Amino acid sequence: MDFALSEEQELLAQSLRRFLEEDCPVTRVRELVADEPGSDGGVWKALCELGIAGLLVPEEHGGSGLGMLDAAIAAESLAWGVCPGPFLASAVMAPIALAEAGTPEQQKRLLPALATGSLRIAVAATELVSKRGEAGVEVRDGRLHGTTLLVLDAFGADLFLVPTDGGAGLALVEAGAAGLVQTGLPTVDRTRGFAELVFDGVAVSEWVGAEGGAAAATRRMLDAGRVVLAADALGASERALELAVAYALQRKQFDRVIGSFQAVKHLCAEMAAELEPARSLVWYAAHAFDHEPDEASLMAAHAKALLSEVGPFVVRTATEVHGGIGFTDEQNLHYWFKRVGVDRQLLGAPEVLHEEAARLQGLVD
Amino acid sequence: MDLTYGPRYESFRDELRAFLAEHAERAPRGGVGVSAGAAGEALRQWQALLIEHGYAARTIPKEYGGYGAEPDILERVIIDEELNAAGVSRGVGGQGPEMLVPTLLEHGSEEQKQRHIGPTVRGEEVWCQGYSEPGSGSDLASVQTRAVEDGSDFLITGQKIWTSTADVSDMMFGLIRTEPEAKKHAGLSYVLIPMDTPGIDVRPLVTMTGQAEFNEVFFNDARVPQANVVGKRGEGWAIANTTLRHERNMLASSAVLDGTLRSLITLMGEERVNGERPLDSPVLRDRLMSLQSRVTALKYHQLRMLTAQLQGRPPGVAGLVTKLAGCEVSHQLNGLGIDALGELGTLYDDSKHLRAGGRWQSQHMFTLGLIIGGGTAQIQKNIISERGLGMPREPKPAKA
Ligand SMILES: Cc1cc2nc3c(=O)[nH]c(=O)nc-3n(C[C@H](O)[C@H](O)[C@H](O)COP(=O)(O)OP(=O)(O)OC[C@H]3O[C@@H](n4cnc5c(N)ncnc54)[C@H](O)[C@@H]3O)c2cc1C
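For the protein sequence lines, the chains are A and B, in the order given. Going by the numbering used here, the residue at position 360 of the first sequence is 360; the numbering climbs one at a time, nothing skipped. Going by the numbering used here, the residue at position 129 of the second sequence is 1129; the numbering climbs one at a time, nothing skipped.
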């Protein structure tokens, strides 16, 4: 009976951070994503060799069969290193959708490829949460029509997992299929590659779950995405706090380190006081995803909402602690600032999530 | 992580529910209370029943008057959840059971444990905390109230202030300067003082809520046996800090936050403003849900800290933030209660149209007191940054 990370989970966090520190520090991230957002060089491949892509894939399909808490720990560590790579879509949302609704044959064929990283699946989830104008994808005569914005982890994707008709169906579509136009959408966060997809009578290569009968799987996929985005914001802001404290202990003004000024110390204390309870909620939301089905959606919404409030507070405060240099391009602190800024908006900002939380509890119709 | 409620816990919960079905009707309502005054008798009876069944003083050893169970996080969560859900009191609380008892268990002599823990957890002995003085608040180690030796006794002289419940207490645990020659921190002892000692004078102080919530306590050659020192003479500072750690957890108890949140949700569903429930306002609803995410985070944060404590693992900076974060959320919950009531939220005393006895206003003020008491928010931030994040202390100003 305990509410703590296991030794294995702590090791996972440590080894991932060590790997990122040595093989992919922010200076390298900067080079990798300079030309194209989300471009990860060989980093994702190396992470796959460490088993990161297969964390949630069952052992019988070549993964490690671990749970959402393990995925959250990994996401936190990856964001700690502002690491590019399709962890959210390819290693979390797609495997969850396949596990929930895929046929045994699909699972056998697709999951091992996801686990080794030889297959990348991007996820088009934006319209599940916020629809722009005519956006949304519908099925007519067995083919896909419409538009979807901000497809997650689109860079380098082999397949797109596309919710149709508001999430009732989940279609898999091949990148480069006839009638499909993919346009990269740069965001402030260059560590992730987003795209717009326009469908003009695109053939579905296969359905995940029954055509029109995948709503429950879509819901699980959305909850999983929210938990992992909350963990991402946690890891990125945790690193921003570490960087702020380290800088404050080294930078001198008025003949003393700025970390001895109470105004600076209190900013750091406020960041820690916001982050630590939020971490406890991320753990619980991840735990609930696997073990408390009645609470899973509510906790995913609350965790994502809270980290979307706490994360931005921490990264802007950490920037202030750095003074002018924190505002420069060269210092690289902005990679964490931007990662958290994008985390906040994806799959629902606090206002959207609070509304959903109220509805889930029957507090409002 | 393992929070599975196995069959053992399900039957624990079932037993507790059966207990409540039988007894809840006659139980005092809500929260934890101090067992003083006329209301005290009902609370003491309820507490006796709770202890007998293991729903209070659960992990206090039997020989000291507790129930004697092994610490278990889920049992504790279940007890809090079920008593809260039934709206009944969780028993006797306050500075005695929640601060002194854990301190005595850690540092007290066998005789002190035998003599005080039982009566304290049963609510027969009510305690107050005598730390702050007019000249010593945040800078607590500067306290001046002093004890001089007189045979095997001490004679205590000086003044304490802001002493909660001193007017109804049987005993005080106080921080007293017993070694005038020693340096600031090393000159203090942690002394147990009977409040009926001749030479002690208690004067209630009315707070902003309109109630006399704390007191001034004057000492004039009050005679107390030296045997009443907990630990060794001169160790008072370290022992007082043990107590403060427990106070900080008590002030930000997640069971209290949870209870306030429930009342707030009820209020926002029952009131009608312009024919609509406060819950129908998207703005108020957004604030409510934001606070719910924070209350939920603190609930699991408490579980995480309990786990660290049971496993003997240092909690790090995470263990230092509870008071700061919890008291702030508590204050904001009560503020939202007032806003949900709008203009009627201002009513107080025995006003017509008053809601819930004016609790939203009085608790909004009282929780501001909690932000100050037990180490102010600013002192908490000093502690978090220095002990938690390894940042340097403020340099001392050069002596003029
Ligand atoms: C409701 C309530 C109940 C209480 N109950 C008890 C009780 O039962 N027993 C008891 O002994 N005491 C009790 N207290 C007293 C409480 O512990 C003190 O009020 C508190 O520690 C602050 O001390 P002070 O009032 O002297 O304020 P001060 O220490 O004078 O502080 C005034 C302001 O200065 C700031 N400040 C002071 N030093 C620093 C610093 N180093 N860095 C930054 N800011 C600083 C403070 O944060 C505060 O904002 C209670 C207080 C309240 C409000």
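Cβ coordinates follow ideal geometry from the N, Cα and C atoms, glycine included. If you're wondering where the values come from, they're calculated on a predicted model, not measured in any experiment.
Short of 6 Å in beta carbon distance, which residues of its chain neighbour residue i, apart from the five on each side in sequence? Order them along the chain.
i: Leu-353 (chain A); result: Ala-301, Lys-304, Ala-305
i: Phe-136 (chain A); result: Reading off the sequence shown, one finds Gly at residue 136 (chain A), where the question assumed Phe. Hits under 6 Å: Glu-127, Gly-146.
i: Ala-231 (chain A); result: Ala-72, Ala-75, Glu-76, Val-282
i: Gly-326 (chain A); result: Thr-319, Leu-333
So, helix, strand or coil for residue i, using DSSP?
i: Tyr-1190 (chain B); result: strand
i: Pro-163 (chain A); result: strand
i: Gln-250 (chain A); result: coil
i: Asp-158 (chain A); result: coil
i: Ser-1132 (chain B); result: coil
i: Gly-201 (chain A); result: strand
i: Gln-174 (chain A); result: One point to set straight first is that residue 174 (chain A) is Glu, not Gln, in the sequence displayed. Of the three classes helix, strand and coil, the one that applies to Glu-174 (chain A) here is strand, per DSSP.
i: Gly-1236 (chain B); result: helix
i: Pro-84 (chain A); result: coil
i: Glu-1276 (chain B); result: strand
i: Ser-1164 (chain B); result: strand
i: Phe-1012 (chain B); result: helix
i: Leu-1347 (chain B); result: coil
i: Leu-152 (chain A); result: strand
i: Val-1230 (chain B); result: strand
i: Gly-1033 (chain B); result: strand
i: Glu-1394 (chain B); result: coil
i: Val-1088 (chain B); result: strand
i: Asp-1002 (chain B); result: strand
i: Asp-40 (chain A); result: coil
For residue i, which residues of its own chain have a beta-carbon under 7 Å away from its beta-carbon, when the five flanking residues on both sides are left out?
i: Val-228 (chain A); result: Ala-71, Ala-72, Ala-75, Leu-88, Val-92
i: Val-1273 (chain B); result: Gly-1342
i: Ser-64 (chain A); result: Gly-51, Gly-54, Leu-55
i: Gly-1054 (chain B); result: Tyr-1067, Ala-1069
i: Ala-986 (chain B); result: Examination of residue 986 (chain B) is not possible in this model, given that chain B is present from 1001 through 1400 alone.
i: Val-364 (chain A); result: Ala-358
i: Glu-174 (chain A); result: Leu-159, Ser-205
i: Gly-1087 (chain B); result: Arg-1029, Gly-1030
i: Val-82 (chain A); result: Val-26, Val-29, Thr-191, Ala-236, Tyr-335, Trp-336, Arg-339
i: Gln-1363 (chain B); result: Asn-1334
Which residues in chain A sit within 9 Å of residue i, going by Cβ to Cβ distance?
i: Pro-1395 (chain B); result: Arg-256, Ser-260
i: Leu-1368 (chain B); result: Chain A residues near Leu-1368 (chain B): none, gap ~18 Å exceeds 9 Å.
i: Asn-1382 (chain B); result: Gln-262, Lys-265, His-266, Ala-269
Using DSSP bridges, identify the partner residues of residue i.
i: Gly-136 (chain A); result: A:Thr-147
i: Val-184 (chain A); result: The question names Val, but residue 184 (chain A) is Gly in the sequence shown. In the DSSP output, where bridge partners are listed per residue, Gly-184 (chain A) has A:Ala-195.
i: Glu-1216 (chain B); result: B:Ile-1161, B:Arg-1203
i: Arg-1017 (chain B); result: Beta-bridge pairing links Arg-1017 (chain B) to no other residue.
i: Pro-1225 (chain B); result: B:Asp-1153
i: Ala-1147 (chain B); result: B:Ile-1156
i: Phe-1173 (chain B); result: B:Gln-1129, B:Leu-1192
i: Ile-121 (chain A); result: A:Leu-159
i: Gly-169 (chain A); result: A:Thr-164
i: Arg-256 (chain A); result: A:Gln-253
Can you pull the chain B residues whose beta carbon is under 8 Å from the beta carbon of residue i, in chain order?
i: Trp-283 (chain A); result: Met-1001, Tyr-1300, Arg-1304
Quick one: what's got a C-beta closer than 8 Å to residue i's C-beta in the same chain, skipping five residues either side?
i: Asp-1246 (chain B); result: According to the sequence displayed, residue 1246 (chain B) carries His and not Asp. Taken in chain order, the residues that qualify are Glu-1098, Met-1099, Pro-1102, Thr-1103.
i: Gly-1065 (chain B); result: Ile-1051, Ala-1057, Ile-1117, Gly-1118, Pro-1119, Val-1121, Arg-1122
i: Ala-1212 (chain B); result: Asp-1167, Pro-1204, Leu-1205, Val-1206
Whose Cβ in chain A lies nearer than 7 Å to the Cβ of residue i?
i: Leu-1264 (chain B); result: Correct list: empty, because the minimum Cβ distance to chain A is about 11 Å.
Since residue i meets chain A, which of its residues come closer than 8 Å, beta carbon to beta carbon?
i: Arg-1285 (chain B); result: His-354, Glu-355, Ala-358, Leu-363, Val-364
i: Ile-1073 (chain B); result: Met-1, Asp-2, Phe-3
Which chain B residues are close to residue i, counting only those with a beta carbon under 7 Å from its beta carbon?
i: Met-68 (chain A); result: Near Met-68 (chain A) there are no residues of chain B at all, since even the closest Cβ is about 11 Å away, more than 7 Å.
i: Leu-306 (chain A); result: Ser-1293, Arg-1294, Ala-1297
i: Pro-312 (chain A); result: Near Pro-312 (chain A) there are no residues of chain B at all, since even the closest Cβ is about 14 Å away, more than 7 Å.
i: Ser-280 (chain A); result: Ala-1297, Tyr-1300, His-1301, Arg-1304
(request) Tell me, please, whether the stretch 221-241 of chain A touches the stretch 313-320 of chain A by the rule of three or more beta-carbon pairs shorter than 8 Å. (result) yes
(request) Kindly confirm or deny that the stretch 1093-1112 of chain B and the stretch 1138-1158 of chain B touch, where touching means at least three C-beta pairs closer than 8 Å. (result) no
(request) Specify whether the stretch 1257-1273 of chain B and the stretch 1346-1365 of chain B touch according to this definition: at least 3 beta carbon pairs, one from each stretch, less than 8 Å apart. (result) yes
(request) Assess, as a yes-or-no matter, whether the stretch 44-61 of chain A is touched by the stretch 161-178 of chain A under the definition of 3 or more beta carbon pairs within less than 8 Å. (result) no
(message) Contact between the stretch 1293-1313 of chain B and the stretch 252-272 of chain A is defined here as three or more beta-carbon pairs at a separation below 8 Å; is this criterion met?
(response) no
(request) Tell me, please, whether the stretch 317-332 of chain A touches the stretch 348-362 of chain A by the rule of three or more beta-carbon pairs shorter than 8 Å. (result) no
(request) Check whether the stretch 109-118 of chain A touches the stretch 146-157 of chain A, counting contact only when three or more Cβ pairs, one atom from each stretch, lie closer than 8 Å. (result) no
(request) Indicate whether the contact test is met: 3 or more Cβ pairs, each with one atom in the stretch 181-192 of chain A and one in the stretch 30-48 of chain A, closer than 8 Å. (result) yes
(request) Tell me, please, whether the stretch 1161-1181 of chain B touches the stretch 1226-1241 of chain B by the rule of three or more beta-carbon pairs shorter than 8 Å. (result) yes
(message) Assess contact between the stretch 1373-1384 of chain B and the stretch 239-252 of chain A, defined as three or more Cβ pairs (one per stretch) separated by less than 8 Å. Is contact present?
(response) no
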